[in-house]
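Visitor:
Protein chains: 2
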Amino acid sequence: MNRDTRLSDVLHVLLHMAMVDGPLTSEVLARSMGTNPAVFRRTMAGLRETGIVSSDKGHGGGWRLTRPLNKITLLAVYEALGRPNLFAIGNRSRHPECLVERNVNAVLADTMAEASTLFYRRFGEITLDNIAGSHEFGH
Amino acid sequence: MNRDTRLSDVLHVLLHMAMVDGPLTSEVLARSMGTNPAVFRRTMAGLRETGIVSSDKGHGGGWRLTRPLNKITLLAVYEALGRPNLFAIGNRSRHPECLVERNVNAVLADTMAEASTLFYRRFGEITLDNIAGSHEFGH
DNA sequence: GTCGACGTATCAGTTCATGTTACATGATCG
DNA sequence: CGATCATGTAACATGAACTGATACGTCGAC
Chain A
0 MNRDTRLSDV LHVLLHMAMV DGPLTSEVLA RSMGTNPAVF RRTMAGLRET
50 GIVSSDKGHG GGWRLTRPLN KITLLAVYEA LGRPNLFAIG NRSRHPECLV
100 ERNVNAVLAD TMAEASTLFY RRFGEITLDN IAGSHEFGH
Chain B
0 MNRDTRLSDV LHVLLHMAMV DGPLTSEVLA RSMGTNPAVF RRTMAGLRET
50 GIVSSDKGHG GGWRLTRPLN KITLLAVYEA LGRPNLFAIG NRSRHPECLV
100 ERNVNAVLAD TMAEASTLFY RRFGEITLDN IAGSHEFGH
């Protein structure tokens with residue numbers, strides 16, 4: 000099963016955007032993401048809608064950050080992507096009426112919920128300037 | 000991305016096996032798992048190799064548990080399946096030499112490592128008899 | 001020796017994310 | 001105002017991976 004790398008890809012691009020003054024085009028940023036402009040725009044749509052970045056058409060257009068890196072948490076980026084599924088494992092309810100199956104599902108769901116909480120907490124603590132510099136943010 | 004439900008499926012089957020005296024055939028157990036015998040055998044191969052279950056050919060053959068449920072941890076089952084990938088997210092190293100990308104990867108890898116530890120700890124604490132009864136094992 | 005069961009290789013089918021193309025919209029510049 | 005440049009997005013193509021399916025080999029009980 001292939002992993003969803005959009006979060007990693009988007010962070011990479013955002014950090015590069017922060018290093019440049021003017022806007023950058025999908026053409027350029029897609030290359031930095033290793034894909035093509037249409038995929039890049041599709042991926043960034045949520046970040047535009049939640050206001051992390053803005054995009055302009057026409058001459059001199061392109062993408063830019065709307066606020067400094069220390070005002071953007073990893074959690075905000077994750078949520079802007081639509082909170083993609085974190086886990087590769089899960090339940091399949093073939094027999095929803097079966098008590099055993101319900102117990103199994105509850106155990107796995109509990110553990111995954113705990114792990115989710117951990118992800119959210121950590122993501123909320125990390126701002127993008129923490130990532131831009133050397134890897135130092137509290138442990 | 001579709002979730003890997005093998006762990007959930009296998010637990011379900013193991014608990015049902017524990018409720019029966021004699022061995023059960025792939026035919027029967029596959030039906031309980033909602034699949035066909037070949038897929039069932041493929042899925043259970045690791046559990047046979049690690050000794051959680053045994054299988055016998057010929058008349059009166061089939062699958063049986065080799066030890067009671069309270070001697071089987073969820074972790075043992077997970078490992079017998081080959082420690083399937085837990086996470087749906089991940090890094091893609093398109094630019095391994097890029098410092099920014101290395102920082103991004105490190106942040107995500109750290110968080111995933113922490114979550115892995117949590118999964119392993121919880122899986123190690125839970126034995127299958129905890130799941131068989133009502134859902135009570137410590138919180 | 002026949003039958004019943006597992007073991008497993010191999011191929012087919014499906015699904016889903018990603019890649020691709022195409023075209024519409026809108027802004028800027030001359 | 002028209003040309004150009006950029007985004008927005010729909011629609012379709014591609015490809016990889018997992019599951020399902022089939023076939024056949026092995027082995028044990030009767």
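Note that the protein sequences, when read in sequence, are chains A and B.
Its first residue numbered 0, the first sequence is counted upward by one per residue in numbering that gives the first Met the number 0.
Its first residue numbered 0, the second sequence is counted upward by one per residue in numbering that gives the first Met the number 0.
We treat Cβ as the ideally placed atom computed from N, Cα and C, and that holds for glycine.
Could you please give the first and the last residue of the uninterrupted alpha helix (DSSP H) stretch that includes residue 53/A?
Guide: Element bounds for residue 53/A: not the alpha helix (DSSP H) but the beta strand (DSSP E), 52 to 55.
Visitor: Contact between the segment 20 to 34 of chain B and the segment 96 to 116 of chain B is defined here as three or more beta-carbon pairs at a separation below 8 Å; is this criterion met?
Guide: no
Visitor: Pull up the CB-CB distance for residue 83/B and residue 20/B, whole angstroms please, since I reckon it's below 8 Å.
Guide: The Cβ separation is near 31 Å, so there is no contact.
Visitor: Assuming residue 113/B and residue 117/A form a contact by the criterion Cβ under 8 Å, report the distance between their Cβ atoms to the nearest whole angstrom.
Guide: 6 Å
Visitor: Any beta-carbon of chain B closer than 9 Å to the one on residue 68/A?
Guide: Not one chain B Cβ lies under 9 Å of residue 68/A.
Visitor: Take residue 12/A and list the residues in its own chain whose beta-carbon comes closer than 7 Å to its own, dropping the five residues that flank it on each side.
Guide: 28, 31, 32
Visitor: Please report the residue range of the alpha helix (DSSP H) in which residue 45/B lies.
Guide: 36 to 48
Visitor: So which of 67/A, 92/A, 37/A, 54/A has the shortest CA-CA distance to residue 18/A?
Guide: 67/A
Visitor: Can you list the residues of chain B that residue 81/A reaches, using a CB-CB cut of under 8 Å?
Guide: Under the 8 Å cutoff, chain B gives no residues; its nearest Cβ is about 12 Å from residue 81/A.
Visitor: With a Cβ-Cβ cutoff of 9 Å, do residue 103/B and residue 10/A count as a contact?
Guide: Taking 9 Å as the cut-off, the Cβ atoms of residue 103/B and residue 10/A count as close.
Visitor: Could you work out which residue in 120/A, 63/A, 78/A is closest to residue 24/A when comparing CA atoms only?
Guide: 63/A
Visitor: Verify the CB distance criterion: does residue 130/A have a CB-CB separation below 9 Å to chain B?
Guide: Yes, residue 130/A lies at the interface with chain B (some Cβ there is under 9 Å from its Cβ).
Visitor: State the Cα-Cα distance for the pair residue 122/B and residue 74/B, rounded to the nearest angstrom.
Guide: 5 Å
Visitor: At the level of alpha carbons, what is the spacing between residue 137/A and residue 129/A?
Guide: Confidence at residue 137/A is low in this model, with a pLDDT of 41, below 50, so its placement is unreliable and the value that follows should be read with caution. The straight-line gap from Cα to Cα measures roughly 10 Å.
Visitor: Would you call residue 53/A buried or exposed, if buried means 16 or more other Cβ atoms sit within 10 Å of its Cβ?
Guide: exposed
Visitor: Going by beta carbon distance, what residues of the same chain come within less than 6 Å of residue 42/A, once the five residues before and after it are set aside?
Guide: 5
Visitor: Determine, for residue 107/B, whether the minimum Cβ-Cβ distance to residues of chain A falls below 9 Å.
Guide: yes
Visitor: CB-CB under 6 Å to residue 79/A, same chain, minus the five flanking residues each way: which ones, in chain order?
Guide: The beta carbon of residue 79/A sits closer than 6 Å to those of 45, 46, 49, 51, all from its chain and outside the five residues before and after it, given in chain order.
Visitor: Using a Cβ-Cβ distance cut-off of 9 Å, determine whether residue 114/B contacts chain A.
Guide: Contacts with chain A at 9 Å (Cβ-Cβ) include residue 114/B.
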